[in-house]
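Undergrad: Submitted below is the structure of interest, expressed as structure tokens.
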Amino acid sequence: MKFLFHILLLLLSISTIAQNSKRIEILNADNTYANANIHPDYWRLIGNVSFKHNDAIMTCDSAYHYTAENKMKAFGKIKINQGDSITLTGEMLTYFGKENKADIKGDVVLIDKHMTLNTEQVFYNLSTNIASYPSKGTIIDNEKTINSKRGAYHSNIHKFIFRDSVVVLAKDYKILTDNMHYNSNSEVTYFFGPSFIISDTKTIYCENGWYNTKTDIAQFRKNSYITTDNYLLKGDSLYYNKNKQYGKAFSNVELIDTVENMSVYGEIAEYFEAEEKVIISEKPMLELLFEEDTLFMHAKQFVSQQKIGEKKILAYNKVKFFKTDFQGKCDSLTYNFTDSVVEMYKDPILWSSEFQITADSIQFLANKGKISRMFLHPSPMIIAQEDSLDYNQIKGKNMTAYFNDNKMRKMDVEGNGQSIFIVTDEETKDKMGLNYTECTDLTLYFKDSKLDAVNYEVKPNSVTTPYQDVEEKNRYLKGFNWRGSEQPKCKEDIFIE
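Next comes the structure, spelled out in structure tokens:
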């Protein structure tokens, strides 16, 4: 059995060699010239020349037939037909019968049922059906034009290899790369090396990936990103569906908003092009860069969304943030870049300077990282720790706080105002007493994060108890809850649940 197998291989090899070494057959020439003295090594064929080798038929105006070498040099109106698969035209041809190869030059056009190639020179192997071009070529395929400085076409599998200064021009996009493969049958493009896909609304970059131009679905890898007028989205891998206007980024995801100096990191990002929305999840972190500092925020999910006249970032579930001069946590948060309003919901808490600030809902204006005003309602309370035992406290129905350089300078309390302050000796700093005050509306003024003055809108009910007579139950307002252990002390603390 093994002997028969070897015989079969030998016969196949002999058949292949015999086919490639077949003599070139002259089919027609109006005139034939031979001159043993001037050109003993070839015959001159002139006028309507046609010849055949294997399954290819070639025509030209004139030719030299090198019989000993089984070679042809042809000139003028060159045309090669190989079955119904390939047609090649040009101005000059050197055909090597022994190797079954053609070198065609001058206004070369290669046509098959999928595309047309225009270039100045093509090397074509008729055994493998591989055509290569060493100089600038242009391919027209359906509604696309592809230019490159060199390339190759594998006709049997309808595969192109483009190299050096590759430019693809389509109706609604452009591709720039140096190494690209394209299958004209499946209409799938493969990228190897730095590549750009440019459209009116975005630019996609990758160093490895593929794009199905028939389905408009793509996968990009290696340093891949999408840029729009508003942001840049990075990821180790990007999936994009043009028809659904949907993209997804995986691993080492980064969303960069250069206008707002904001970056959001995570492991997964979903991009909804029509809604101009990006959702980032899996250990996400937001960085908001200011002139002198950076705010770091963690949540279970971030949503960046832009509508006409409005741009927002939304944080959902277990939100915690850190900036050197203020920190906070809540269940959900929105930051409207248009009016610089931050809204915190569900058990929100802020720490600013020495103050712990809580309410059912907290809103504040934060321009360039500086809080200017804060709105607390309902059930607001502000606490400042005097020491391990005592706390200064303010509560009311609604509060509005005013800040300079993220330090509270003024507080308006509207409705049901209550406060507790520790009274100290200005010189010795010894505790003298505890002041409890009730007043419907009051305004407090602060200096260096300490109470400086109080203005009461109506006559207050105020009692100061000598410090040694203060009972434990009178040290705290109703609803008091010191949560200093929850305060992030550094960037890494925002990930602690």
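In this text, residue positions in the sequence shown follow my numbering: the first is 841, and each later residue adds one. From the three backbone atoms N, C-alpha and C, an ideal C-beta is built for every residue, glycine too. Since the model is a prediction, treat every value here as computed from it, not as a measurement.
1) Label residue 899 either buried or exposed according to how many other C-beta atoms from any shown protein chain fall within 10 Å of its C-beta, with 16 as the threshold for buried.
2) Just reading off the beta strand (DSSP E) that residue 1253 is part of, what are its end residues?
3) Could you check the C-alpha separation between residue 972 and residue 948 for me, to the nearest Å?
4) Using a Cβ-Cβ cut-off of 6 angstroms (strictly less than) and excluding sequence neighbours within five positions of residue 1240, which residues of its own chain qualify?
5) Measuring alpha carbon to alpha carbon, tell me which of 1296, 1179 and 1073 ends up nearest residue 1256.
6) As a quick exercise: from 1110, 1100 and 1121, pick the residue whose alpha carbon is nearest that of residue 1087.
7) Grab the span of the beta strand (DSSP E) containing residue 1036 for me, first residue to last.
8) Within 10 angstroms of its Cβ, does residue 1323 collect 16 or more other Cβ (buried), or is it exposed?
9) Is residue 1075 closer than 8 angstroms to residue 1048 when the C-beta atoms are compared?
10) Cα separation between residue 1012 and residue 1037?
11) Taking residue 1298 and residue 1281 to be in contact with their CB atoms under 8 angstroms, please state how far apart those CB atoms are, rounded to whole angstroms.
12) Can you name the start and end residues of the beta strand (DSSP E) that residue 922 belongs to?
13) Note the first and the last residue of the continuous beta strand (DSSP E) segment covering residue 1097.
14) Could you tell me the alpha carbon to alpha carbon distance between residue 901 and residue 1015, rounded to whole angstroms?
15) For the beta strand (DSSP E) containing residue 1061, name the first residue and the last one.
16) Would you grab the beta carbon distance between residue 1225 and residue 1194 for me? Rounded to a whole angstrom, and I think it's under 8 angstroms.
17) Mapping DSSP to helix, strand and coil, what is residue 1049?
18) Run the CB neighbour count on residue 1035, radius 10 Å, all protein chains shown included, and call it buried at 16 or more, exposed below.
19) Strictly by DSSP, which residues pair up with residue 981?
20) Run the CB neighbour count on residue 856, radius 10 Å, all protein chains shown included, and call it buried at 16 or more, exposed below.
21) Beta carbon of residue 1145, beta carbon of residue 1154: below 8 angstroms?
22) Write down every uninterrupted run of the alpha helix (DSSP H) in the stretch 1288 to 1317 whose length is 4 residues or greater and which is fully enclosed by it, in chain order.
23) Compute the Euclidean distance between the alpha carbons of residue 1100 and residue 976, then round it to the nearest angstrom.
TA: Here's the rundown:
1) By the neighbour-count rule (16 or more Cβ atoms within 10 Å), residue 899 is buried.
2) Looking at the DSSP string, the run of the beta strand (DSSP E) that includes residue 1253 is 1247 to 1264.
3) Going by the C-alpha atoms only, they are around 12 angstroms apart.
4) Spatial neighbours of residue 1240 in its own chain (CB-CB distance under 6 angstroms, excluding positions within 5 residues in sequence) are listed in chain order as 1215 and 1252.
5) Comparing Cα-Cα distances from residue 1256 to each of 1296, 1179 and 1073, the minimum goes to 1296.
6) When only C-alpha atoms are compared, the closest one is 1110.
7) Counting along the chain, the beta strand (DSSP E) containing residue 1036 begins and ends at 1028 to 1038.
8) In summary, residue 1323 is exposed, with fewer than 16 beta-carbon neighbours lying within 10 Å of its beta-carbon over all protein chains present.
9) No, they are not a contact pair.
10) Using only the alpha carbons, I get a separation of about 10 angstroms.
11) Between residue 1281 and residue 1298 the Cβ distance is about 7 angstroms, and since that is below 8 angstroms, they are a contact.
12) Here the beta strand (DSSP E) through residue 922 covers 911 to 922.
13) 1086 to 1097 is the extent of the beta strand (DSSP E) around residue 1097.
14) Computed Cα separation, rounded: 40 angstroms.
15) Start and end: 1057 to 1067.
16) 7 angstroms between Cβ atoms; contact.
17) Look at residue 1049 here: in three-state DSSP terms it is strand.
18) A buried status is given to residue 1035, since no fewer than 16 other beta-carbon atoms sit within 10 Å of its beta-carbon.
19) Residue 981 is bridged by DSSP to 984.
20) Only weak support exists for where residue 856 lies, its pLDDT of 40 falling under 50; the coordinates are left without a value.
21) The answer is yes: Cβ separation under 8 angstroms.
22) Assignment of alpha helix (DSSP H) within the stretch 1288 to 1317, counting only whole runs of 4 or more residues, yields no such run.
23) Residue 976 has its alpha-carbon roughly 44 angstroms from the corresponding atom of residue 1100.
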